[in-house]
Amino acid sequence: MEKSLKKYFLFFVGPTLIAFLIAFVIPFIAGIILSFARFTTMTDISWVGFSNYVRAFSNSDFVNALKFSALFTVVSVIIINVAAFSLALLLTRGIMGTNIFRTMIFMPNLIGGIVLGYIWQFIINGFLSIFGVTITVDAKYGFWGLVILSNWQFIGYMMIIFIAGIQNIPGDIMEAATIDGAGPFTVLRKITIPLVMPSITITLFMTIANSFKMFDQNLALTAGAPGKETAMVALDIYNTFYSRVGWEGVGQAKALMFFLVVVVITLVQLTITRRKEITN
Amino acid sequence: MSDIQQQGKPLTLGGLVIILSLLIISLLFIAPILLVFLNSFKGKLFVINTPFAFPNDESFTGINNYVSGIAATGFFSAFGWSLFITVFSVAIIVLFTSMTAWYITRSTGRFCKGLYYAFVFAMIVPFQMVMFPLTKVANFLHLDNPLGILVLYLGFGSAQSVFLFSGFVKSVPIAVEEAATIDGCTPIRAYFSVIFPMLAPIAVTVAILNAMWVWNDFLLPNLVIGSEYRTIPVAVQYLRGGYGSIDWGYMMAMIGLAVIPIIIFYFVCQKHIIQGVTAGSVKG
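From first to last, the protein sequence lines are chains A and B. Using numbering that gives the first Met the number 0, the letters of the first sequence correspond one by one to residues 0 to 279. Using numbering that gives the first Met the number 0, the letters of the second sequence correspond one by one to residues 0 to 283.
See the structure below:
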C-alpha cells in the first residue's frame, strides 16, 4: 500500500500544499525577513538589523496595545468561562426547554465580528446617550464594551463545549457519589470539574487566543478611539502597516513579537491545564 | 420534548426560578438582534436618540433604510460575492484537505509527518504575522480577485481542516481501504468511492467551521479584493464614512440583511452546527 501510494503524492497533497505555501509558508518566511529590513519598494530592501524592533517599542502605541490586550484577555477569559460553565451546568440537568435555551444562547456566535461591533456600538451608544456621552469619550467605556461584546459572542460557544464535556461524565460515577452522600458542591469540586478538564483546556485555549487576537470587533466598536487608547495589538499592527508609509518593517517586527507572545501564552496554558487532566 | 429527562418529577419552586432565569438570560442573548430589526425601520436620528423605543408615527420610515441602504452599499453584489467565495472555498477546502489529511496520515514518510506538524503550527500563528507579505504575494501572483482568493482560503484554512480530518482518519479502520486496494482499486478510486464517504461526519464539521469563518471574514477579503469586490463584512465596514460618521438608518438595515442569511442557515442546520462545534473542539 505504502509503495503504491507514493506515485499519488501530487494528486492527494499537491493542491493543498501549493495553497499552503502561497498563503502561509512563503508569507511567514518573508515576514521574518521583512522584520529586519526597511524597504521603499518590494525589491528595494535594505537591512536594518533590530532597528524595527527598537522603533516598535520606542513608540508607546505598541506597549499600550499589549497592556490593553492583556488586561482585556484576563477579564474576558474569566467571565466567559465562568458564565459558560455555569450555564452548561444548568443546561445539562434535563430542565424543560433546554434545547431552546442552548439554541438562543449560541446564536450570536454565528454573526461576524464587524457586524457584531456595529450592533454593540449602537446599543452601547444608545445606552450612554442617557448620560450624554459616547463610547469613544473614555477608554473605560471601550474596554467594557469589548468585554460585553466578547461575552455575548463566545459564552454560547464555550457553553456548548462544556455541555459536551459534562455529558461525557459516566452516569454511574455521579450516581455512586450521590449514594455516598456527596452534596452538590462536593460533586462539582471532586467529580465534575476534574472530569471536564479536557473541555476546560480547550475553552481556555480558544478564549485566550480569540481574545488576544481580536481585531474585527475592535475595529468596528471603537477603532481604537479615543486616540489609540482602546486599540488592541492586532489593530495596532494593522494601523502600523496601513496608515503609516515606510513603517512596514516596524509593523512586521510588531507582528513577529505578537506571534511569539501568542505562542508562549498558549503553550504555557496548554501545558498547565493538560497536566491537570485525568487520563482514564 | 426529548429534553425532559426527569419526567414525572414535579416542578418545584426552585426549578421554576431556574427556568425563568434561563429564559431571561436567553432573551438577553437575542435582544440585540431584535433591536437591530426594530431600529431598521426608524429614521437615523431616532436610531441614535431613542434606540430602545418602538417605531412610532414620527420615527417610522417604512423600508426606506433598506431601499437606500441597498443602493448605497451595493448589498446584492456583496451578498453574491460572499456567497460565491464561501461556497467555493468551503468546497475546495473539504475536498483537498480531506485528501491531504488522509494521505499524510496513512503515509509513514518523514516529509508527510513534518507536513502534519507544519499544519498544526500554522493553527496558532496569528493572521497579522502573515498579513502584509500575504497581500504582496497575492498581488504578485494575480490572486487578487474572487477566484484567486479561493486559493488563499484553501491555504490558510488548510491548517485546522487537515488537523481535524487527520484526527478522524486515525479512527477509521485501515482494513476497509486495504480490501478496496486488493480488489483492484487505484488509491484515487478507493479514496472517492470508499474512504471519502466514511469521512462524511467530520467533513460536515469542517464545512461548517470553515463556512462560519469565511462568510464572516473581514481582513483577508478587505486587503486582497477589498474595494472592487466587496463581501458583506467589507461592505458593512465601508458604511463608516471618511470621518467616522455613520448613517445609522442604513447601518441597521444592512446589519439586518447581513444577519438574516445567518439566522436561516442556523435554523436549517442547527443540529449539525452544534455537533460540528463540539466535534471540532473536542478533537483538538
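The beta-carbon is built from N, C-alpha and C at its ideal position, and this holds for glycine as well. These numbers were taken from a predicted model, which means no experiment stands behind them.
Contact annotation for Asn55(B) against chain A: no contact, minimum CB-CB distance about 16 Å [criterion: below 8 Å]. Interface with chain B (8 Å Cβ-Cβ cutoff): Leu203(A) is excluded. DSSP places Lys41(B) within a strand segment (E or B) once states are collapsed to three. For Asn221(B), the CB contacts under 6 Å within the same chain, skipping 5 residues up- and downstream, are Val233 in chain order. Uninterrupted alpha helix (DSSP H) stretches at least 4 residues long and entirely within the segment 26-102 of chain A occur at 50-57 and 59-89, given in chain order. Between the segment 28-37 of chain A and the segment 242-262 of chain A there are three or more inter-stretch CB-CB distances shorter than 8 Å, so the stretches are counted as touching. About 7 Å separates the Cβ atoms of Gly144(A) and Thr221(A), confirming a contact at the 8 Å cut-off. For the 8 Å CB-CB criterion, Leu218(B) and Phe214(A) form a contact. When 8 Å is used as the limit between beta carbons, Gly42(B) is near no residue of chain A, the shortest such separation being about 14 Å. In the structure shown, Ile263(B) adopts helical secondary structure according to DSSP, grouped into three states. For Gln236(B), the CB contacts under 8 Å within the same chain, skipping 5 residues up- and downstream, are Phe217 and Asn221 in chain order. Beta-bridge annotation (DSSP): Arg239(B) is paired with Ile245(B).
Contact between Phe105(A) and Ile273(B) is confirmed by a C-beta separation of about 7 Å, below the 8 Å threshold. Per the Cβ contact rule, the segment 129-144 of chain B is in contact with the segment 221-230 of chain B (3 or more Cβ pairs under 8 Å). Under the three-state reduction of DSSP output, Phe59(B) falls in the strand class.
Listed along chain A, the residues sitting closer than 9 Å to Tyr102(B) by beta-carbon distance are Leu4, Tyr7, Phe8, Phe10, Phe11 and Val12. Identification of residues in the segment 252-274 of chain B having a C-beta nearer than 7 Å to some C-beta of chain A yields Ile254, Ala257, Val258, Ile261, Tyr265, Gln269 and Ile273, given in sequence order. In the structure shown, the three-state DSSP call for Arg229(B) is coil. With respect to chain A, the C-beta atom of Trp80(B) has no partner C-beta closer than 8 Å. Listed along chain A, the residues sitting closer than 9 Å to Met211(B) by beta-carbon distance are Asn108, Leu109 and Gly111. Contacts between Phe51(B) and chain A, judged by CB atoms closer than 7 Å, involve Gly125 in chain order. Judged by beta-carbon spacing, Ser97(B) lies within the 8 Å limit of Phe195(B), meaning their Cβ atoms are closer than that value.
If you draw a 10 Å sphere on the C-beta of Gly141(A), you find 16 or more other C-beta atoms in it, and that means buried. In this structure Asn38(B) is buried. Its beta-carbon is surrounded by 16 or more other beta-carbon atoms within 10 angstroms.
Check the Cα spacing between Ile123(B) and each of Ile110(A), Asn217(A) and Phe258(A): the tightest is with Phe258(A). In terms of Cβ geometry, Leu203(A) and Gln152(A) do not form a close pair [threshold 8 Å].
With fewer than 16 other Cβ atoms inside 10 Å of its own Cβ, Tyr116(B) counts as exposed. The segment 244-258 of chain B makes no contact with the segment 90-108 of chain B; the number of CB pairs closer than 8 Å stays below 3.
Around the beta-carbon of Phe100(A), 16 or more other beta-carbon atoms lie within 10 Å, marking it buried.
A direct Cα-Cα distance of roughly 14 Å separates Gly14(B) from Leu86(A). Under the three-pair Cβ rule at 8 Å, the segment 244-253 of chain B counts as touching the segment 51-68 of chain B.
By the Cβ test, the segment 177-197 of chain B is not in contact with the segment 182-200 of chain A, since fewer than three Cβ pairs between them sit closer than 8 Å. Identification of residues in the segment 235-251 of chain A having a C-beta nearer than 9 Å to some C-beta of chain B yields Ile236, Tyr237, Phe240, Tyr241, Glu247, Gly250 and Gln251, given in sequence order. Residue ranges of uninterrupted beta strand (DSSP E) with 3 or more members are absent from the segment 148-219 of chain B; none lies entirely inside it. DSSP, reduced to helix, strand and coil, places Glu228(A) outside both helices and strands of the structure shown, so it counts as coil.
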